[in-house]
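The numbering used here puts the first residue of the sequence shown at 634, with every later residue one more than the last.
Okay, so here's the structure we're looking at.
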Amino acid sequence: MINALRGMKDITFEESQRFTHIIKTAIEISKKYGYGYIETPLLEETKLFKRSVGESSDIVGKEMYQFIDKGNNDVCLRPEGTAGVVRAYVQAKLDRRPRKDRFYYYGAMFRYEKPQKGRLREFHQFGCESFGEASVYEDFEIILMIKDIFDALGIGYKLKINSLGCSDCMPTYRDNLVSFLDNIKEELCEDCNRRINTNPIRVLDCKSTKCQSLLNSSPKLISSLCEHCDSDFNTLKYLLDGAKIDYEVDTNLVRGLDYYNKSAFEFVSDEIGSQSAIAGGGRYDKLVEYLDGKPTPAVGFALGIERILELVKMPEDTRNGVYIGAMVENITDKLFDIASILRKTTKAKIEYEKKSLKAHLKNADKFNAKYCLVIGEDELENNKIWVKNLDSKEQEVISLDEFILSYCS
Ligand code: HAM
């Protein structure tokens, strides 16, 4: 037997209904906020992610599905969606027009991580990216949109926010942090020691409790922000307070991708175990430039679909559509004709095999149909159908035209 690869899974049956419900809900809400669909390739040049997500990040350093293709190109399966959308934005020269663009996307992402509950090697994200808007109101609107999505899906969450500063305030902070870390490096773990030189900010995010207790007294970026970043962060907090969205300022929230500046945020759930981040994002005002575009402010987020699958409250499944069955032989053509008329307005399922009325009613119930439509000897002779409404239990023999007119228009 051939199984799916480790860390990759099939999504079927009940789970697949939740999966499509999440995507459908997220699309509906993001469209209300003015986002339009973008589809980018799953496979990209490796250098795209090196330049955006960052060579020192775990994602690029350890987790890429990278290979040389038959044309000798260094390529990899996308580990996240933002870089590809920015590449597409620059490639289409959208950065050259004074316009704001908002895109949503969903699909598979690949990270060669150690699989565990909530951490897969192939997983799916729904994400949004907004280009051309520098105002912190846009950061707020993105958070508001995620809140709307989680509310619509019936998912509880905690919101964590931080500011990662800008090219004015971050370098001075980074130098202060490195001096602090140099003094305690003997006691920090191996990973932190490696990061002091490659990406010191990521040290703040270390999962070891020993490192975290040593970092309690580290300098905090939030107290070293320049005037502009400080004012934007205060505005964001003010807007969240005004909208009555609870949040926690987490000065260690640095995100695992290098392209962020200013606002960074994560939505976490305490109902799914240690892999608790259900959505994450923030501002990335330099990324369009890093990928050879014109300076363009941008902000976005992505939510992890597998992580919220079990949290979603599905809307009540109401009966709908028509089940069509025969109690006589050789009328499949007639059943097809009826189904094709009905499918113009509703869902219809045909049972090809001749069965008893009791068996048809049982099948119709399984299909969760609202109507069970059956043709027997009498109905065939009189050009009628037998119909039962499975909600009201009413039944009658009528012509197909009457049925369509009364129930399917
Ligand atoms: P991220 O935080 O790396 O951000 O991923 C976003 C979400 O994807 C996470 O919060 C989590 O729910 C889910 N996720 C990440 N890794 C896994 C995994 N191995 N298994 C299952 N779920 C996972 C980004 O990817 C950014 N591109 C988000 C963004 C968009 N920032 C700006 N725009």
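Virtual Cβ for every residue (Gly too), placed ideally from N, Cα, C.
Does the distance from the CB of V901 to the CB of K791 come in under 8 Å? Counting from 1 along the sequence shown, the entry for residue 901 is found at position 268. Counting from 1 along the sequence shown, the entry for residue 791 is found at position 158. Contact flag set, yes.
For F969, name the three-state secondary structure that DSSP assigns. Against the sequence shown, residue 969 aligns to sequence position 336. F969: helix per DSSP, three-state reduction.
Should I1018 be counted as a contact of the ligand HAM given a C-beta to heavy atom distance under 7 Å? Walking along the sequence shown from the start, residue 1018 turns up at place 385. I1018: no, Cβ never under 7 Å from the ligand HAM.
Contacting residues, own chain, Cβ-Cβ under 7 Å from L990 (five flanking each side not counted): Position 357 of the sequence shown, counted from the start, is the residue given in the question as residue 990. Excluding sequence neighbours, L990 sits near M960 and V1007.
Cβ of L936 within 8 Å of Cβ of I911? In the sequence shown, residue 936 corresponds to position 303, counting from 1. In the sequence shown, residue 911 corresponds to position 278, counting from 1. In this structure, I911 lies closer than 8 Å to L936 by Cβ.
Does the structure place the region 948-958 close enough to the region 1005-1024 that three or more beta carbon pairs sit under 8 Å? Three or more beta-carbon pairs separated by less than 8 Å link the region 1005-1024 to the region 948-958, which places the two stretches in contact.
Tell me which residues share the same chain as I983 and place their Cβ nearer than 6 Å to its Cβ, disregarding the 5 neighbours each side in the sequence. The residue you call residue 983 lines up with position 350 of the sequence shown. The residues I957, L968 and A972, in chain order, have a CB closer than 6 Å to that of I983 in the same chain once the five nearest residues on each side in sequence are set aside.
Identify which residue in K664, Y666, R828 and V723 has its Cα closest to the Cα of G694. For the purposes of this step, residue 694 is identified with residue 61 of the sequence shown, where counting begins at 1. Among K664, Y666, R828 and V723, the Cα nearest to that of G694 belongs to R828.
Can you pull the DSSP bridge partners for G640? Taking the sequence shown and counting its residues from 1, one reaches residue 640 at position 7. None; G640 has no bridge partner.
Report buried or exposed for Q749, applying the criterion of at least 16 other Cβ atoms within 10 angstroms of its Cβ. The count along the sequence shown starts at 1 and reaches residue 749 at position 116. So Q749 ends up on the exposed side.
Does the beta carbon of E881 fall short of 7 Å from some heavy atom of the ligand HAM? Start at 1 with the first residue of the sequence shown, and residue 881 comes out as number 248. Answer for E881: no, Cβ out of range of the ligand HAM.
Give the range of the alpha helix (DSSP H) segment to which E680 is assigned. In the sequence shown, residue 680 corresponds to position 47, counting from 1. Per the sequence shown, residue 680 should be read as Lys rather than Glu. T679 to F682 is the extent of the alpha helix (DSSP H) around K680.
Do you know offhand how far I938's Cα is from Y871's? Taking the sequence shown and counting its residues from 1, one reaches residue 938 at position 305. Taking the sequence shown and counting its residues from 1, one reaches residue 871 at position 238. Approximately 30 Å between the Cα atoms of the pair.
Tell me the DSSP secondary structure of I855 in three-state form. As a working note, residue 855 is residue 222 in the sequence shown. In the displayed model, I855 falls within a helix according to three-state DSSP.
For the region 743-794, list the beta strand (DSSP E) runs that are entirely contained and at least 3 residues long, ordered along the chain. Scanning the region 743-794 from its first residue to its last, the whole beta strand (DSSP E) runs of 3-plus residues come out as 755-764.
Nearest neighbour of N830, chosen from D815, T842 and C839 [CA to CA]: For the purposes of this step, residue 830 is identified with residue 197 of the sequence shown, where counting begins at 1. Closest by alpha carbon: D815.
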